[in-house]
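A short write-up of the structure that comes next.
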Amino acid sequence: MTSHLSKEDLRICVDIVKTIARQRGIAKDPAAVAELMTAAARNFNRGIRVYDELVEALKANT
């Protein structure tokens, strides 16, 4: 199943993952970053599409 995200939607998800990875000190751990990206995509697909709401959802769920 492929999803067609706009460039802006993809940019939001990547920015969130980068922000949280830096805060946690895991930016250089590919497995941890992949886990964050999966969680961001899952929340995004559930309808959470505002930057601040996605950040809060990721902080609460991971």
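Numbering of the sequence shown is given in the numbering used here, commencing with residue -5 and proceeding in unit increments.
Note that beta-carbon positions come from the ideal geometry of N, C-alpha and C, so glycine has one too.
Look up residue i in the DSSP assignment and say whether it is helix, strand or coil.
i, result
"L4", "helix"
"I10", "helix"
"A25", "helix"
"L52", "helix"
Candidates the options: which alpha carbon is nearest residue i's?
i, options, result
"I10", "S0, A33 and G41", "A33"
Using a Cβ-Cβ cut-off of 8 Å (strictly less than) and excluding sequence neighbours within five positions of residue i, which residues of its own chain qualify?
i, result
"C7", "L(-1), M31, A34, A35, F38 and L48"
"N55", "A33 and N37"
"T13", "V49"
"Y45", "I6, D9 and I10"
For residue i and residue j, which I take to be in contact (beta-carbon distance under 8 Å), what is that distance rounded to the nearest angstrom?
i, j, result
"V20", "A26", "This sequence places Ile at residue 20; Val is not what is there. Their Cβ separation, rounded to whole angstroms, is 4 Å, which keeps I20 and A26 in contact under 8 Å."
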